[in-house]
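Each number in the working numbering comes from the position in the sequence shown (counting from 1) with 2 added on. Ideal placement from N, C-alpha and C gives every residue a C-beta, glycine not left out. Since the structure comes first, as structure tokens, the remarks are kept for the end.
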Amino acid sequence: MKRHRRLAWASVSHLMIDFICAWMIINRIPGSEAWFIKMLTYNFLAFAGQLPAGIILDRLTSKGYRAAGGAASAGCLLCLIALAAGMDSYALTITAGVGNALFHVGSGAEILETYKGRAAESGIFVSTGALGIYAGSVIPVINLIFILSGAILFFLLVYSIILTLSKNEEVPADRLEHQSKVRSRKRGAVSPVQETISVFCLILVVVLRSFEGSIFTFSWNSGLLTGIALTGAVFLGKMLGGFASDFFGSYKTAAISLAISAFLLGMSDRMGAGFAGVLLFNMTMPVTLISLYRKFPGYPGTSFGLLTFALYLGVLPVFAGVPVSLYSPSAYTVLTVISLILITVGLCLPLQRKGDMLHTRNRRKMP
């Protein structure tokens with residue numbers, strides 16, 4: 003029951019952290035001096051910064067420290083400070099960026115480790131961020147929102163500290179032994195080349211999904227209601243993708259959702275097809291996260307950091323400028339088909355020989 007409380011806390015906090023960060027960045031940075039550099043810096047800290055933070059967290063957690071919960075709490079505290087202190091844009095960029103990174107990698111790593119690589123819970127956690135980012139981007143500066151969001155985040159911070167302090171500090175010996183056996187078995191049973199190709203393909207899928215999701219533009223999405231509905235499709239896609247992955251398997255979920263999405267996005271100038279295509283397109287988010295974690299059992303922080311670093315790489319071309327030809331249904335279809343090919347390779351490799359039959363390591367549960 004305690005782990006479900008942590009999941010509920012992380013999911014609600016994810017919404018609030020992303021809302022507050024988006025709200026502050028969008029309302030306080032544009033128009034200021036060197037605002038473009040500040041936007042790049044914020045995105046670098048908030049997304050790419052999760053990879054080194056995740057590596058450090060895994061190192062600390064292996065020694066028995068409550069690193070993940072502590073990082074999540076520290077992230078909440080930094081975001082609360084940035085909100086309440088009324089910082090100038092330079093300090094805001096750094097404080098909010100680092101706070102965002104610590105919260106995400108801490109909470110994400112804890113959920114991966116707590117639920118032993120199940121996709122449903124990770125899907126629930128990652129899905130709420132879409133709601134927060136959209137709300138933060140459309141809600142104007144209102145004193146009531148400022149006070150209310152600060153109060154909510156304060157209580158979430160207090161509850162996080164309570165949960166972290168009540169968690170057993172010792173790392174169970176059987177878990178460490180199990181992780182050691184899994185890593186040992188992986189080294190001796192699979193091809194390092196195929197394993198590297200698999201990880202590389204999964205990372206490329208995330209990069210491409212981040213890029214494509216950033217350039218989605220639909221002629222019918224011209225008002226607040228359609229924007230809310232489209233955000234809801236992103237939210238539902240990420241959440242349902244986790245449940246589908248646990249029930250049907252990662253490969254079936256990814257292959258079927260992307261194949262249908264590619265077809266529907268080709269007709270995304272029609273509202274219904276666009277909504278459905280975006281929903282199915284986002285179902286692979288928890289699939290890639292869990293698949294990376296299964297590649298690196300015992301390293302949840304690194305796995306989560308790799309995912310967000312790939313998200314950052316996918317957004318960079320958008321800052322540099324994207325050809326107009328890519329803002330079209332046909333381009334969305336082509337990009338989605340490429341994602342389908344990459345994720346198929348990533349999930350099917352490495353191949354192992356068992357008896358006289360070849361099979362893959364794509365499983366619903368951790369080995």
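| query | Under the rule that 16 or more other beta-carbon atoms within 10 Å means buried, what is Tyr329, buried or exposed? | reply | exposed
| field | Candidates Ser34, Ala12 and Met41, of which the one nearest Val320 by Cα | value | Met41
| message | Restricting to Cα atoms, I'd like to know which of Gly274, Gly234 and Tyr253 is closest to Pro288. | response | Tyr253
| With 16 other CB atoms within 10 Å as the buried threshold, where does Arg7 fall? | exposed
| field | Where Asp20 falls: helix, strand or coil (DSSP) | value | helix
| task | Quick one: give me the first and last residue of the alpha helix (DSSP H) that Phe213 is part of. | result | Pro194 to Ile217
| field | Start-to-end residues for the alpha helix (DSSP H) that takes in Ala137 | value | Ala121 to Val140
| With a CB to CB cut of under 6 Å and the five nearest residues on each side skipped, what residues in its chain are close to Ile135? | Asp20 and Ala24
| said: Using 8 Å as the threshold, is the C-beta distance between Thr304 and Ile57 below it? | reply: yes
| request: Tell me whether Gly225 sits in a helix, a strand or coil according to DSSP, three-state version. | output: coil
| query | So, is Val240 buried or exposed, given that buried needs 16 or more other C-beta atoms within 10 angstroms? | reply | Strictly speaking, residue 240 in this sequence is Lys, with Val absent from that position. Lys240 should be labelled buried.
| What do you reckon, are the CB atoms on Tyr334 and Glu214 nearer than 8 Å? | yes
| message | For a test of the three-state rule: what should DSSP assign to Tyr295, helix, strand or coil? | response | helix
| task | Could you name the residues of the same chain whose beta carbon sits closer than 8 Å to that of Leu85, not counting the 5 residues immediately before and after it, in chain order? | result | Ile22, Met26, Phe148, Ser151, Gly152 and Leu155
| message | I need the boundaries of the alpha helix (DSSP H) containing Ala395, first residue and last residue. | response | Because the chain here runs from 3 to 369, residue 395 falls outside it and cannot be looked at.
| query | Excluding five sequence neighbours on each side, which residues of the same chain lie with their C-beta closer than 7 Å to the C-beta of Met18? | reply | Gly134, Ser151, Ile154, Leu155 and Leu158
| field | As assigned by DSSP and simplified to three states, the class of Leu351 | value | coil
| Spatial distance of Ile31 from Asn223 (CA atoms) | 26 Å
| message | Can you give me the C-alpha to C-alpha distance between Val107 and Thr310, rounded to a whole angstrom? | response | 9 Å
| task | Could you check what DSSP says for Lys40 in three-state terms: helix, strand or coil? | result | helix
| field | Outcome for Asn145 when other beta-carbon atoms lying within 10 angstroms are tallied against a minimum of 16 | value | exposed
| request: Give the range of the alpha helix (DSSP H) segment to which Asn102 is assigned. | output: Ser91 to Thr116
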